[in-house]
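What follows is a single structure, written as structure tokens, with notes after it.
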Amino acid sequence: METAPLQAELKHKISQAGQIVASYKWLIDAYIVDFYEEDHWSKLPASWAAFLADIPIRTLSHLLSFDLPDKELAVWPLAIITLRSLFRFLVHTRTKTPECTKREVALGETHGGTIYRQQTALFKKSVKLKKRHEIEQFAISCFTQPTDNCKTIIDIGSGQGNLARTLAYGFGFKVCCIEQNMSFVQIARQKDSELWQRLIKYDPTLEDTVVHPVHLHEKVNLDQIDSVKFVQMLKRVLNFGRELTSDADEFSFGLVGLHPCGDLAPSLLRLFLACQECRFVKLVCCCYMKLSSIDSSLGISTRECGFPLSEFCHKLHLTLTYEAREIACHAIEQYREKLLTNYSELKVHAYRAAIETIIVRLRPDLRHSGLKGGIKASEVTFEEYCRRAVVDLDLAIADEEFQSEITRQFLDRWEQVVKFYTLRLMFAPLVETIILYDRLLFLLEKGTRAGIDVIFDPFLSPRNHAITAFK
């Protein structure tokens with residue numbers, strides 16, 4: 471398969487996106503907790519600040535939807551309109567295209583006879599909505615992809631085995647789970663047993679056709695893994711060799727990961743390339759801020775970093791700061807909905823920034839400390855928020871701190887905080903696209919067939935892109 475045109479397109483988009491990120495580093499890297507402490511509002515171009523000062527918060531939602539025509543933003547600063555136009559071209563879509571949806575409906579007919587489709591309710595029992603959606607869509611994606619009849623799947627970092635159960639019992643895959651947390655392994659085995667007992671009550675003949683998931687308690691160091699020994703281990707635990715039907719049978723498998731965190735995703739891609747027997751890899755990734763990178767990995771070879779992976783991005787000396795990678799992990803669809811409906815909840819950003827000024831004044835050593843979350847600013851006063859937020863810190867705050875004139879002035883400017891934060895968030899899909907395209911380009915450079923698909927509803931599961939590669 472000729473990939474040169476796609477590689478050229480990816481390189482062009484990565485280059486342009488990287489230049490934009492570098493130009494707006496001052497905004498992308500601005501921590502919202504430092505809004506008052508570092509006077510972020512003063513860093514905005516004068517035309518931006520003047521315009522944003524007068525628009526209602528609901529209007530900010532336009533910044534987080536690149537599908538809206540530019541004529542809807544005719545009075546916005548030209549630089550912002552230009553950025554949105556560029557993002558429309560550069561950012562990988564976060565929604566399924568109509569063509570993709572039609573194809574899925576057609577493919578869906580092929581799994582109508584699966585155990586999963588017949589007994590969906592049993593598989594969804596005690597699984598939260600978000601996880602149910604992810605497991606179902608991921609499993610269907612595995613089932614409908616062209617894998618050359620490769621029906622063995624390896625899930626490294628499998629947790630409690632929710633995905634494995636659906637793949638094995640619901641779609642007929644042979645699944646091996648590798649998990650370093652023994653308690654998760656024990657829970658997974660227990661849940662396997664419970665689901666299996668319910669399924670065979672429905673259809674006792676499943677005893678003859680279904681292969682149970684194999685759960686291994688292993689800590690796999692993917693940075694130093696021996697691919698030959700890894701494959702030998704898989705053959706052993708999956709009893710490969712005892713059930714061959716012909717001399718032509720060969721051991722093959724696919725690697726999957728549903729939200730592998732940080733460097734685990736790049737390590738899985740490298741393992742896929744290193745193992746001749748690994749026919750495909752499918753990952754939906756998360757936690758980009760935990761990636762090792764050229765600018766953050768002292769003593770680590772740049773070739774072993776989590777970002778960048780591709781030769782092109784290495785030669786480009788492309789870097790993304792921790793702050794940029796962190797913003798790429800945000801749920802922009804959910805935030806956009808809050809801007810349109812419950813924007814008073816977003817006061818929490820101003821509360822957090824205001825308490826940061828108090829913390830820095832009283833205890834500079836506690837700057838950027840993690841505070842207790844889950845507190846709705848729309849339901850509590852600033853003082854109540856602070857008392858609850860710092861409960862785990864060794865910090866006493868006097869009442870007069872909450873009632874001071876400077877604190878009152880800060881809180882009166884809460885809409886500025888929301889507007890600045892939304893501007894930052896506008897760049898999130900662009901940064902995520904750079905990371906995704908770097909990985910895709912890396913796989914193409916190695917001669918694989920690879921692509922990126924949207925498989926989740928972004929409102930339910932913000933990290934919704936699956937990277938899939940085949941040999």
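Letter by letter, the sequence shown follows residues 471 to 941 in my numbering.
Each residue gets a CB set at the ideal place from its N, CA and C atoms; glycine is no exception.
Just to check my reading of the structure: Cys-620 and Phe-750 have Cβ atoms closer than 8 Å, yes? What is that Cβ distance to the nearest angstrom? If you number the sequence shown from 1, residue 620 lands on position 150. If you number the sequence shown from 1, residue 750 lands on position 280. Right, their Cβ atoms sit about 7 Å apart.
For Ser-780 versus Ala-744, is the C-beta distance shorter than 8 Å? Locating residue 780 in the sequence shown gives position 310, counting from the first residue. Locating residue 744 in the sequence shown gives position 274, counting from the first residue. Their beta carbons are not under 8 Å apart, which means Ser-780 does not touch Ala-744 by this criterion.
Of the choices Lys-566, Ala-520 and Trp-496, whose alpha-carbon is the least far from that of Asp-923? Counting from one through the sequence shown, the residue named residue 923 turns up at place 453. Ranking the options by Cα distance to Asp-923, first place goes to Lys-566.
Would you kindly work out how many angstroms separate the C-alpha atoms of Asp-717 and Lys-785, rounded to a whole number? Numbered from its first residue, the sequence shown carries residue 717 at position 247. Numbered from its first residue, the sequence shown carries residue 785 at position 315. Note that Asp-717 scores a pLDDT of 43, beneath 50, so its modelled location is shaky; the value from the coordinates is reported in the next line. Going from the Cα of Asp-717 to the Cα of Lys-785 covers about 45 Å.
C-alpha distance - Ile-888 paired with Glu-871, whole-angstrom precision: Taking the first residue of the sequence shown as 1, we reach residue 888 at position 418. Taking the first residue of the sequence shown as 1, we reach residue 871 at position 401. Note that residue 888 is Val in the sequence shown, not Ile. For Val-888 and Glu-871, the distance between alpha carbons rounds to 23 Å.
Classify Met-652 as buried or exposed, calling it buried when 16 or more other Cβ atoms lie within 10 Å of its own Cβ. Reading the sequence shown from its first residue, position 182 is the one you call residue 652. Classification of Met-652: exposed, given that the 10 Å Cβ count is below 16.
Can you have a look at His-482 and say buried or exposed, based on whether 16 or more other CB atoms are within 10 angstroms of its CB? As a position in the sequence shown, residue 482 is number 12, starting the count at 1. Answer is exposed; the Cβ neighbour count stays below 16.
Between the beta-carbon of Thr-622 and the beta-carbon of Lys-644, is there less than 8 Å? Looking up residue 622 in the sequence shown gives position 152. Looking up residue 644 in the sequence shown gives position 174. Yes; because the gap between Cβ atoms is below 8 Å, this pair is in contact.
In chain order, which alpha helix (DSSP H) runs of at least 4 residues are fully inside the stretch 755-823? 781-785, 792-797 and 802-810
For the alpha helix (DSSP H) holding Ala-634, just list the boundary residues, first then last. Along the sequence shown, one-based indexing puts residue 634 at 164. Element bounds for Ala-634: 632-635.
Quick one: residues in its chain with C-beta nearer than 7 Å to the C-beta of Val-830, no 5 flanking neighbours on either side, listed in chain order? Locating residue 830 in the sequence shown gives position 360, where the first residue counts as 1. So the list reads Glu-507 and Arg-837, once near-sequence residues are dropped.
Arg-894 and Ile-828 - do their beta-carbons sit closer together than 8 Å? On the sequence shown, residue 828 is found 358 positions in, with the first residue counted as 1. On the sequence shown, residue 894 is found 424 positions in, with the first residue counted as 1. No, the Cβ-Cβ distance between Ile-828 and Arg-894 is not below 8 Å.
Is the beta carbon of His-729 sitting closer than 8 Å to the one on Cys-748? Locating residue 729 in the sequence shown gives position 259, counting from the first residue. Locating residue 748 in the sequence shown gives position 278, counting from the first residue. Contact flag unset, no.
Using alpha carbons as the reference points, say which of Met-896, Phe-940, His-935 and Ala-936 lies closest to Glu-915. Counting from 1 along the sequence shown, the entry for residue 915 is found at position 445. Of the candidates Met-896, Phe-940, His-935 and Ala-936, the one whose C-alpha sits nearest the C-alpha of Glu-915 is Phe-940.
Which residues mark the beginning and the end of the alpha helix (DSSP H) in which Gln-475 is found? Within the sequence shown, residue 475 is the residue found at index 5, counting from 1. Note that residue 475 corresponds to Pro in the displayed sequence, not to Gln. Unbroken alpha helix (DSSP H) run through Pro-475: 474-493.
State buried or exposed for Ile-825, treating a residue as buried only when at least 16 other CB atoms are found within 10 Å of its CB. Stepping through the sequence shown from its first residue, residue 825 is reached at position 355. So Ile-825 counts as buried.
Taking all protein chains shown into account, do 16 or more other C-beta atoms lie within 10 angstroms of the C-beta of Phe-777, making it buried, or fewer, making it exposed? Within the sequence shown, residue 777 is the residue found at index 307, counting from 1. Burial call: buried.
Mind checking which residues open and close the alpha helix (DSSP H) that includes Glu-604? Here the question's residue 604 lines up with position 134 in the sequence shown. Segment 599-614, the alpha helix (DSSP H) holding Glu-604.
Gly-840 - partner residues in DSSP beta bridges: The sequence position of residue 840 within the sequence shown is 370, counting from 1. DSSP lists no partner for Gly-840.
Exposed or buried, which one is Ile-670 when buried takes at least 16 other CB atoms within 10 Å? Within the sequence shown, the letter at position 200 stands for residue 670. Exposed, since its Cβ has fewer than 16 Cβ neighbours within 10 Å.
Would you check if the distance between the CB atom of Thr-903 and the CB atom of Leu-560 is smaller than 8 Å? Along the sequence shown, read from residue 1 onward, the residue named residue 903 stands at position 433. Along the sequence shown, read from residue 1 onward, the residue named residue 560 stands at position 90. Taking 8 Å as the Cβ cut-off, Thr-903 and Leu-560 qualify as a contacting pair.
With distance defined between alpha-carbon atoms, name the residue in Ile-626, Gln-656, Val-655 and Leu-665 nearest to Thr-636. For the purposes of this step, residue 636 is taken as the residue at position 166 of the sequence shown. The residue with the shortest Cα to Cα distance from Thr-636 is Leu-665.
From Ser-763 to Thr-851, what does the alpha carbon distance come to, in whole angstroms? Residue mapping note: residue 763 aligns to position 293 of the sequence shown, counting from 1. Residue mapping note: residue 851 aligns to position 381 of the sequence shown, counting from 1. When rounded, the distance between both Cα atoms is 40 Å.
In DSSP terms, what Thr-938 is bridged to: Within the sequence shown, residue 938 is the residue found at index 468, counting from 1. The partner list for Thr-938 (beta bridge, DSSP) reads Lys-752 and Gly-921.
Assuming Lys-661 and Gly-631 form a contact by the criterion Cβ under 8 Å, report the distance between their Cβ atoms to the nearest whole angstrom. Along the sequence shown, one-based indexing puts residue 661 at 191. Along the sequence shown, one-based indexing puts residue 631 at 161. Indeed they touch by this definition, with Cβ atoms about 6 Å apart.
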